[in-house]
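In this note's numbering, the protein residues as written are 759 to 1317. For glycine and all other residues, C-beta sits at the position ideal for the given N, C-alpha and C. See below for the structure under consideration.
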Amino acid sequence: MLRFIVIISCIFLIFTSSGVVLAAELPRLTVDEGDTPLVIKGTLDKDTTSFSGNVRLTVTGGEIKDLQLLPSDLNNTDDDSVVIDRSEIRIPTGISLNNGQPRDVRVTVNNITCPGEYQGKLKFMVSGQRESKSLEIPLELNIDAEPNVVPISDNLNLQVVRCQNFISCGLATWLLPDGVVQDKWRIQLDNQTLIPVKLTDATVVMQGEKTGNAVNTNDIFFPVPKKDLKAQKVEFIDLKINRNQLSPDRYQGTLRFKLENADEPVKINATVVVRDAPIFALIVIIVGILVGRLAQDMENPKAQKQVKLYPRYVQLRGNAANIKNESAFTYLEQQFQAVKEKIDKGEETEEALEQELNRLEINVSFLTNLEVLESKLNESELDALKARLNPKIKEARNSLIAGNIEQAQQLGKEVEEILREAQADGSMGIADDIIQPLLDGFRASRDKLVETVQAFKPKLPGGSRWNWLVKFLATLSGVQTLNTEVRYWLIRPVLWLVLLIVLVLLGLQTLYVNAGATFGVNGLYDYLGLFLWGLSADIANQGLRKLQSGGKKEEGETN
């Protein structure tokens, strides 16, 4: 019995001693909760290819003299073919851990060539310990790349036009390059980075060249300043330009794109040229051309004759307005209309038109004197003299209106003789101060009456039925037989209109399209330039006048 107790006691002591030895050979590793998983982050560039992170470990139940790491391969979460070999994951050699004392262990991943997100496992174990007893920690490697984003074009040049309705905008589209009336433009950015890049902000910094006005955020801006740029893709960024809020000017500056993980923003040199709509420029240049043509027209002999004769014509018409007799007034109106047409046409010489006005003046004077004499007689109490003169006065007026100048002159002489008889004997009681002025004026107008010669207007031979054939043959032969109406109302306006359009387009091309990128920035002076251009554009006028006169110089024109 005693021997059995001794044997049992020895066995117990042996197992107890073995348990203490086993406990000493198996220390326990734990990791800080904030380090599982272990996350390592960094930005890959040409100088940095290794990235590290610290994991805090604690050993209990003993000490570790040489900590061992058994890592797995790191696999890219987006591309299974991209793997970081386990041999590139290391910890410093000879790391020891004291019982119960936490320690940071630095884990380094070397030779990273491709950015992205990687996942793997780290196993920490004591030297000589089985793998199944190791401490396993997930490892996440998040590697960004230094953004490599470049614009498709380093310089951006835009032309826009201030217009608000379809007429001015349509005219601008027709005259200027496409896109001058659009409000949205697309900027291209090429993301050459292997991973997506975040665009965190996009701003516009520009200033007017002449006005000095800075562009604010409501004039030129990016509606969506933040965007994810896909890896190795060209992305479009919308640029909004409020054309009608900008003053005409040349705005220069930069477009700046701020990228995540980039020290400097991507910059694009930008120039935005703003001009006024062409509708007002078109109106001004047309007005200038019209004024220039008026000035040219005032220099030709026809206009000079009209300017010289028109005041006398107006004076005579004013004198005729005092005539009360309806038939006499109607007759003079017809005479005035005929003379006015001759003055407007300007085909007759100045001497011939002067003679027409002289004859018209004599007729006005003659009829006026007859009416004054008739009025004076009606106001008097000389019934016997009225009875003799009134029939003669009426007959003389009717003769002149009928075109019988000689008879009117003879009747006027008879009226004058009756007045002289009354003045000589004084038996009718007419006063000399009344009769003498009447006699003087009446004699002057009567003596100047002359016969009116009407011009004969030749007609085309063959009658109206064959006029078209005569004109056609004349055109083929080169002989000009076109009448005044055709030349004045058809050929002249068509040529004038064609040359006017050519002049307008040439002026717009010269001063608005080519040289007017910032048209309107100088205000009135820009429009004055167009006006003066139109005013001085007389080359086409000279060509038109030569066409009208068959290449000959107009009357009175000198070399």
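Within its chain, find whatever has a CB closer than 6 Å to the CB of Ala-1078; leave out the 5 residues flanking it on each side and keep chain order.
Taking the sequence shown and counting its residues from 1, one reaches residue 1078 at position 320. Around Ala-1078: Leu-1090 and Val-1122.
Tell me the DSSP bridge mates of Glu-875?
To locate residue 875, count along the sequence shown from 1; it is residue 117. According to DSSP, Glu-875 bridges with Asn-900.
Given that a residue counts as buried once 16 or more other Cβ atoms are within 10 Å of its Cβ, and exposed if not, what is Gly-1076?
Here residue 1076 corresponds to residue number 318 of the sequence shown, with the count starting at 1. So Gly-1076 counts as exposed.
Quick one: what's Arg-848 bridged to in DSSP?
Position 90 of the sequence shown, counted from the start, is the residue given in the question as residue 848. Looking at the DSSP assignment, Arg-848 forms a beta bridge with Thr-866.
Chain-order list of residues whose beta-carbon lies under 6 Å from that of Ile-847 (same chain, five-residue window excluded)
Counted from its first residue, the sequence shown places residue 847 at position 89. So the list reads Pro-829 and Val-867, once near-sequence residues are dropped.
Under the three-state DSSP convention, the category Lys-991 falls into:
For this step, residue 991 is matched to residue 233 along the sequence shown. In the three-state DSSP reduction, Lys-991 falls in the strand class (E or B).
Val-797 and Gly-811 - do their beta-carbons sit closer together than 8 Å?
Numbered from its first residue, the sequence shown carries residue 811 at position 53. Numbered from its first residue, the sequence shown carries residue 797 at position 39. The answer is yes: Cβ separation under 8 Å.
Helix, strand or coil at Leu-1013 [DSSP, three-state]
The sequence position of residue 1013 within the sequence shown is 255, counting from 1. Leu-1013: strand per DSSP, three-state reduction.
Exposed or buried, which one is Arg-1033 when buried takes at least 16 other CB atoms within 10 Å?
For this step, residue 1033 is matched to residue 275 along the sequence shown. Answer is buried; the Cβ neighbour count reaches 16.
Could you give the first and the last residue of the continuous beta strand (DSSP E) run that contains Ile-1026?
The residue labelled residue 1026 in the question sits at position 268 within the sequence shown. It spans 1024 to 1034 - the beta strand (DSSP E) in which Ile-1026 sits, taken as one unbroken run.
Look at Gly-1287 and Val-1045 and say whether their C-beta atoms are less than 8 Å apart.
Residue mapping note: residue 1287 aligns to position 529 of the sequence shown, counting from 1. Residue mapping note: residue 1045 aligns to position 287 of the sequence shown, counting from 1. Cβ atoms of Gly-1287 and Val-1045: not closer than 8 Å.
Who are the near neighbours of Arg-814 in its chain, counting only those whose CB is closer than 6 Å to its CB and skipping five residues on each side?
Translated into the one-based positions of the sequence shown, residue 814 becomes position 56. Excluding residues within five positions, the ones whose Cβ falls inside 6 Å are Asp-790, Asp-793, Pro-860 and Asp-862.
Whole angstroms are fine: how far does the CA of Asn-1127 sit from the CA of Leu-1074?
Locating residue 1074 in the sequence shown gives position 316, counting from the first residue. Locating residue 1127 in the sequence shown gives position 369, counting from the first residue. Spanning the two alpha carbons is a distance of roughly 14 Å.
Helix, strand or coil for Pro-981, going by three-state DSSP, please let me know.
One-based indexing of the sequence shown puts residue 981 at position 223. Under the three-state reduction of DSSP, Pro-981 is assigned to coil, being neither helix nor strand.
Where DSSP assigns a beta bridge to Asn-857, which residues make up the other side?
Translated into the one-based positions of the sequence shown, residue 857 becomes position 99. Answer is Val-817, bridged to Asn-857.
Kindly provide the ranges of any alpha helix (DSSP H) runs that are 4 or more residues long and lie completely inside the segment 1127 to 1191, ordered along the chain.
1141 to 1160 and 1163 to 1183
Taking C-beta to C-beta, are Ile-1047 and Leu-1261 nearer than 8 Å?
Looking up residue 1047 in the sequence shown gives position 289. Looking up residue 1261 in the sequence shown gives position 503. A contact, by the Cβ cut-off of 8 Å.
What is the rounded straight-line gap between the Cα of Ser-1138 and the Cα of Ala-1110?
The residue you call residue 1138 lines up with position 380 of the sequence shown. The residue you call residue 1110 lines up with position 352 of the sequence shown. Pairing Ser-1138 with Ala-1110, the inter-Cα distance amounts to about 42 Å.
Less than 7 Å between the CB of Glu-904 and some heavy atom of the ligand ATP, yes or no?
Absence of the ligand ATP from the depicted structure is noted, as is the absence of any ligand whatsoever, leaving it without description.
Report all residues from its chain with a CB closer than 8 Å to the CB of Ile-1101; omit the five preceding and five following residues, and keep chain order.
Position 343 of the sequence shown holds residue 1101. Counting only Cβ-Cβ distances below 8 Å, and skipping sequence neighbours, we find Lys-1063, Gln-1064, Leu-1067, Tyr-1068, Tyr-1071 and Leu-1111.
Assign Gln-1064 to one of three DSSP states: helix, strand, or coil.
By one-based count along the sequence shown, residue 1064 stands at place 306. Gln-1064 falls in the helix class under three-state DSSP.
Local conformation of Gly-966 per DSSP, three classes
Residue numbering aside, residue 966 sits at position 208 when the sequence shown is read from its first letter. Note: Gly-966 maps to strand in three-state DSSP.
Tell me the residue span of the beta strand (DSSP E) that contains Gly-800.
For the purposes of this step, residue 800 is taken as residue 42 along the sequence shown, with counting starting at 1. In this chain, the beta strand (DSSP E) harbouring Gly-800 covers 796 to 802.
Phe-1289 to Leu-997, Cα distance in whole Å?
What you label residue 1289 is simply residue 531 of the sequence shown in a count that begins at 1. What you label residue 997 is simply residue 239 of the sequence shown in a count that begins at 1. Approximately 36 Å between the Cα atoms of the pair.
Is it right to say Val-955 is buried, meaning 16 or more other beta carbons lie within 10 angstroms of its own, or is it exposed?
For the purposes of this step, residue 955 is taken as the residue at position 197 of the sequence shown. Label assigned to Val-955: buried.
Just to confirm the assignment, what range does the beta strand (DSSP E) spanning Asp-948 have?
Indexing the sequence shown from 1 puts residue 948 at position 190. 942 to 949 is the extent of the beta strand (DSSP E) around Asp-948.
How far does the alpha helix (DSSP H) with Leu-929 in it extend, from its first residue to its last?
Residue 929 sits at position 171 when you count from the first residue of the sequence shown. Taken as a continuous stretch (DSSP letters only), the alpha helix (DSSP H) holding Leu-929 covers 924 to 933.
Given Leu-1147 as reference, the closest of Arg-1178, Val-908, Glu-889 and Thr-951 once Cα atoms are compared
One-based indexing of the sequence shown puts residue 1147 at position 389. Checking every option, the nearest Cα to that of Leu-1147 belongs to Arg-1178.
Given Ile-870 as reference, the closest of Gly-800, Ala-1020 and Thr-807 once Cα atoms are compared
Looking up residue 870 in the sequence shown gives position 112. When only C-alpha atoms are compared, the closest one is Thr-807.
Contact the segment 1009 to 1020 vs the segment 961 to 972: 3+ CB pairs below 8 Å
yes
Determine which residues share a DSSP beta bridge with Phe-809 and list them.
For the purposes of this step, residue 809 is taken as residue 51 along the sequence shown, with counting starting at 1. Answer by DSSP bridge pairing, in chain order: Val-867.
In whole angstroms, give me the CA-to-CA distance for Asn-1156 and Ala-1142.
Position 398 of the sequence shown holds residue 1156. Position 384 of the sequence shown holds residue 1142. Those two C-alpha atoms are separated by around 22 Å.
Residues in its own chain within less than 7 Å of Arg-888 by CB, not counting five upstream and five downstream?
Within the sequence shown, residue 888 is the residue found at index 130, counting from 1. Nothing meets the Cβ criterion.
Hey, out of Pro-909, Val-939, Gln-1267 and Ala-930, whose CA is closest to Pro-1023's CA?
The count along the sequence shown starts at 1 and reaches residue 1023 at position 265. Of Pro-909, Val-939, Gln-1267 and Ala-930, the residue nearest in Cα terms is Pro-909.
Quick one: grab the DSSP three-state call for Arg-1008.
Position 250 of the sequence shown holds residue 1008. In this structure, Arg-1008 counts as strand in the three-state DSSP scheme.
If you check the beta carbons only, do Ala-1086 and Ile-1159 fall under 8 Å apart?
Stepping through the sequence shown from its first residue, residue 1086 is reached at position 328. Stepping through the sequence shown from its first residue, residue 1159 is reached at position 401. A contact, by the Cβ cut-off of 8 Å.
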